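Respectively, the protein sequence lines represent chains V and W.
Adding 1 to a residue's 1-based position in the first sequence gives its number in my numbering.
Adding 1 to a residue's 1-based position in the second sequence gives its number in my numbering.
The beta carbon of each residue, even a glycine, is placed where N, CA and C say it ideally should be.
In this text, all values refer to a predicted model and were calculated from it rather than measured experimentally.
Number of protein chains: 2
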Amino acid sequence: MHLETLRLYCDVVRHRSFSRGAAQNVVSQSAASQAMQQLEAELGVALLDRTKRPFVVTPEGQAFYEACRGLLESWEKAKAEIAAVKARVDGTVRVAAIYSVGLHDVSRNVQRFMSLYPEARVQLECLHPHKVVEAVVQGEADVGIMSYPPADRTLAIVPLRSEQMAFVCHPNHRLARRRVVMPADLNGETFVAFDAGLTIRKAIDRALRQHNVKVNTVMEFDNIETIKQAIIIAAGVSILPRRTVQSEASTRTLAVVPLSITDLARPVGLIHRRQKPLTPTVSRFIQLLKDANEEPIRVAARS
Amino acid sequence: MHLETLRLYCDVVRHRSFSRGAAQNVVSQSAASQAMQQLEAELGVALLDRTKRPFVVTPEGQAFYEACRGLLESWEKAKAEIAAVKARVDGTVRVAAIYSVGLHDVSRNVQRFMSLYPEARVQLECLHPHKVVEAVVQGEADVGIMSYPPADRTLAIVPLRSEQMAFVCHPNHRLARRRVVMPADLNGETFVAFDAGLTIRKAIDRALRQHNVKVNTVMEFDNIETIKQAIIIAAGVSILPRRTVQSEASTRTLAVVPLSITDLARPVGLIHRRQKPLTPTVSRFIQLLKDANEEPIRVAARS
DNA sequence: GATAAGTATTAGATAGTCTTATAATCTGGC
DNA sequence: GCCAGATTATAAGACTATCTAATACTTATC
């Protein structure tokens with residue numbers, strides 16, 4: 002049963018004419034005649050009494066006409082409704098970020114994005130790294146922002162920047178006043194590390210190993226904030242992205258010293274599903290993030 | 002847009018599976034896949050996210066699903082509704098009759114019909130003869146019952162009976178006590194006639210002319226009841242169907258005397274549209290009327 | 001990384017619908 | 001009662017859309 006046939010029927014009844022109803026639907030009179038016959042056959046009821054001219058709508062035909070009008074109206078409403086849902090969804094960017102990037106960096110860019118595109122909506126959610134990947138893969142987030150974005154054939158990666166790593170310790174630590182910390186300085190240090198499951202932990206471990214450094218790992222945490230708290234209570238030292246300890250450095254809550262290990266840097270990137278076509282809104286958001294990270298000095302100056 | 006496609010979509014969503022949805026609609030999985038793609042293309046919206054297994058319904062798809070459910074429900078309701086209307090219409094006989102036949106004769110047969118077919122409905126309407134024809138031609142009545150049913154290619158005629166005509170006068174009239182009235186007796190009589198437009202008037206005029214009788218027509222009415230009232234107040238005499246003055250004759254309100262004009266009789270018949278196929282209910286009603294008039298004595302005995 | 005289950009794609013067959021041309025039907029006027 | 005004009009029905013063929021079957025591809029799970 003074609004909805005177009007029902008529309009044709011309604012127009013035929015409304016105009017009290019096959020020809021005019023057909024014309025309104027841009028089909029021939031013959032098509033209208035055949036369609037009405039098929040409709041009546043389908044329903045097993047005479048809808049129109051054609052022995053009179055102009056034809057007379059039977060009681061069944063009248064009941065059907067009113068039902069059809071409602072039906073077609075519902076159909077138009079349904080189409081309008083999904084268009085509205087689409088507009089809302091298309092105007093939304095769902096962002097999943099790891100805490101250390103999301104809280105400081107992304108939220109600032111979200112503000113810029115929303116002032117540039119006021120009709121857009123952004124949903125920012127901060128999650129553990131694994132959850133960020135999961136959210137993107139499951140389609141719960143349009144983009145994910147994280148360090149060490151994982152290779153995955155279902156995911157596309159947009160590199161954003163490489164974050165310099167620094168030595169971080171309590172202000173009273175013996176290395177706190179150094180201009181630079183050499184790998185050897187870390188030998189035997191009480192160390193607050195990332196959880197073993199995290200990629201950044203493996204990267205740091207590998208770098209230390211390459212410089213024949215052995216640290217004494219006393220604690221493991223899955224996020225930077227907790228590691229910082231541990232260092233503040235003098236539980237140990239650590240190696241963290243410089244950006245993430247800038248505010249603590251300026252308030253002297255923590256001591257931050259450059260590391261002479263040059264090949265240790267935390268890549269930060271953006272991930273999204275490779276298959277899923279990006280909406281214009283999501284594309285614009287990604288472009289904004291890329292632009293912002295290509296001019297790090299100017300962005301830093303603004304902060 | 003096929004309603005079947007919408008049903009298929011709903012089943013696919015409900016089962017969270019193309020294959021099972023297809024099976025429920027007795028089509029191949031391929032057909033379901035193609036139909037869903039066409040549906041999405043038509044709407045310009047992704048309804049299902051197939052990159053996950055089982056697929057995930059998008060927000061648009063969810064909105065559409067709910068709209069479709071309502072739509073299909075309305076469709077089923079519409080079909081049920083016209084079926085109900087059809088049942089009601091098919092079980093109804095709309096009868097249009099002239100007053101002189103409807104009030105006495107038809108209403109009695111209607112009672113018999115309704116006791117024979119309790120689920121049937123009869124709508125009896127008494128009208129002027131011309132209006133009876135019009136009602137049947139216009140399809141407002143299924144059958145018409147009248148005297149002198151007119152020849153008309155759109156109408157089928159079922160003869161019911163031929164009614165004997167009698168002389169009717171006031172009980173004090175000079176002819177009231179006669180056993181029989183001869184044509185010549187009517188010469189110069191003050192006559193209450195039918196309206197000139199009625200066929201029965203023409204028939205009576207012709208019969209009188211053939212017997213070289215000239216009456217003095219003083220009044221004309223379009224119905225028998227009024228003519229009877231005129232005779233009661235001694236305004237004149239008339240010639241009326243015997244059946245229609247039986248009660249007045251038995252109460253001596255009117256005098257009824259047989260007429261010796263043998264070729265004057267009022268044919269009563271039933272008309273219905275030739276093209277329109279009769280419903281079983283209408284056919285049964287017609288059959289009952291025919292049977293009742295083929296056995297006039299038994300019917301009279303029952304009254 | 002292999003296997004199983006589910007979905008997409010392709011090509012050809014089939015069924016429906018459309019158009020044009022023509023026939024049938026109805027209405028109203030003479 | 002019949003004819004002209006208008007309207008609807010029918011017939012035949014072209015075209016479109018949908019279906020099936022076979023097969024390729026994707027996803028999930030072990």
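Counted within 10 angstroms of its Cβ, other Cβ atoms place V/Ala301 as buried (16 or more) or exposed: At V/Ala301 the pLDDT is 43, less than 50, meaning the model places this residue with poor confidence and gives no usable figure here.
Leaving out five residues on either side along the sequence, give the residues of the same chain with a beta carbon under 8 angstroms from the beta carbon of V/Gln276. Thr155
Given that a residue counts as buried once 16 or more other Cβ atoms are within 10 Å of its Cβ, and exposed if not, what is W/Ala197? W/Ala197 comes out exposed.
Look at the Cβ atom of V/Ala266, then the Cβ atom of V/Ser163, and state whether they are nearer than 8 angstroms. Note that the C-beta distance between V/Ala266 and V/Ser163 is below 8 angstroms.
Is it buried or exposed for W/Ser251, if we count other Cβ within 10 angstroms and need 16 for buried? W/Ser251 comes out exposed.
Between which two residues does the alpha helix (DSSP H) holding W/Ser20 run? Start and end: 19-25.
Between which two residues does the beta strand (DSSP E) carrying W/Gly270 extend? From DSSP, the beta strand (DSSP E) with W/Gly270 extends over 266-274.
Closer than 6 angstroms by C-beta to W/Val144: which residues in its own chain qualify, once you throw out the five before and the five after it? Chain order, please. Val96, Leu271, His273
By the 7 angstroms beta-carbon criterion, what residues does the stretch 161-184 of chain W contribute toward chain V? Residues of the stretch 161-184 of chain W whose Cβ lies closer than 7 angstroms to any Cβ of chain V: none.
For W/Lys53 and V/Ile158, I'd like the C-alpha separation in whole angstroms. 20 angstroms
Comparing the C-beta of V/Thr282 with each C-beta of chain W, is any distance below 8 angstroms? no
Under 6 angstroms Cβ to Cβ from V/Ala36, same chain only, skipping five residues before and after it: list those, please. Hits under 6 angstroms: Thr6, Leu9.
If you run the structure through DSSP and keep just helix, strand and coil, what is V/Asp50? strand
Are the C-beta of W/Gly92 and some C-beta of chain V separated by less than 8 angstroms? no
Just how far apart, CA to CA, sit W/Thr280 and V/Gln39? 21 angstroms
Using a Cβ-Cβ distance cut-off of 8 angstroms, determine whether V/Lys132 contacts chain W. no
Which residues bound the alpha helix (DSSP H) around V/Ser75? 60-91
Report yes or no: is there a C-beta of chain V within less than 8 angstroms of the C-beta of W/Gln272? It is worth fixing the name first, because residue 272 of chain W is Ile in this sequence and not Gln. Chain V contact via Cβ: absent.
Residues near W/His174 by beta carbon distance below 7 angstroms, same chain, minus five either side: Val238, Ala256
Might you give, ordered along the chain, the residues of its own chain that have their beta carbon closer than 6 angstroms to the beta carbon of V/Ile228, omitting 5 neighbours on each side? Val193, Phe222, Ser239
Determine the extent of the beta strand (DSSP E) in which W/Ala157 is found, giving its start and end residues. 156-170
Note down the Cα distance separating W/Gln139 from W/Ile146, rounded to an integer number of angstroms. 15 angstroms
Cα separation between V/Ser304 and V/Gln112? Unreliable positioning characterises V/Ser304 in this predicted model, as indicated by a pLDDT of 38, which lies under 50. The coordinate reading is nonetheless provided below. Between V/Ser304 and V/Gln112, the C-alpha separation is close to 12 angstroms.
Note down, in chain order, each residue of its chain lying with its Cβ closer than 7 angstroms to the Cβ of W/Val13, except the 5 sequence neighbours on either side. Contacts found: Phe19, Gly22, Ala33, Met37.
May I have the straight-line CA-CA distance separating V/Gln211 from V/Ser108, to the nearest angstrom? 36 angstroms
For W/Gly237, does the three-state DSSP call read helix, strand or coil? coil
C-alpha gap between V/Asn213 and V/Glu135, whole angstroms: 36 angstroms
According to DSSP, simplified to helix, strand and coil, what is W/Asn188? The answer is coil: DSSP assigns W/Asn188 none of H, G, I, E or B.
Mark W/Glu61 as exposed unless 16 or more other C-beta atoms lie within 10 angstroms of its C-beta, in which case mark it buried. buried
Kindly indicate which three-state DSSP category V/His3 falls into: helix, strand or coil? The three-state reading of DSSP puts V/His3 in strand, counting E and B together.
Distance between V/Cys11 and V/Asp50 (C-alpha atoms, nearest Å): 15 angstroms
Which whole-angstrom value describes the C-beta separation of V/Tyr149 and V/Ile83, a residue pair presumed to lie in contact below a C-beta threshold of 8 angstroms? Not quite, the Cβ-Cβ distance comes to about 39 angstroms (not below 8 angstroms), so this is no contact.
Any idea what DSSP makes of V/Phe56, helix, strand or coil? coil
Give every residue of the same chain whose Cβ lies closer than 6 angstroms to the Cβ of W/Arg243, excluding the five residues on either side of it in the sequence, and list them in chain order. Gln165, Ala167
Rounded to whole angstroms, how far is the Cβ of W/Ile216 from the Cβ of W/Glu190, which I believe are closer than 8 angstroms? Strictly speaking, residue 216 of chain W in this sequence is Val, with Ile absent from that position. Going by Cβ atoms, the distance from W/Val216 to W/Glu190 rounds to 5 angstroms, so yes, they are a contact pair.
Are there 16 or more other CB atoms within 10 angstroms of the CB of W/Val181, so buried, or fewer, so exposed? Exposed, because fewer than 16 other Cβ atoms sit within 10 Å of the Cβ of W/Val181.
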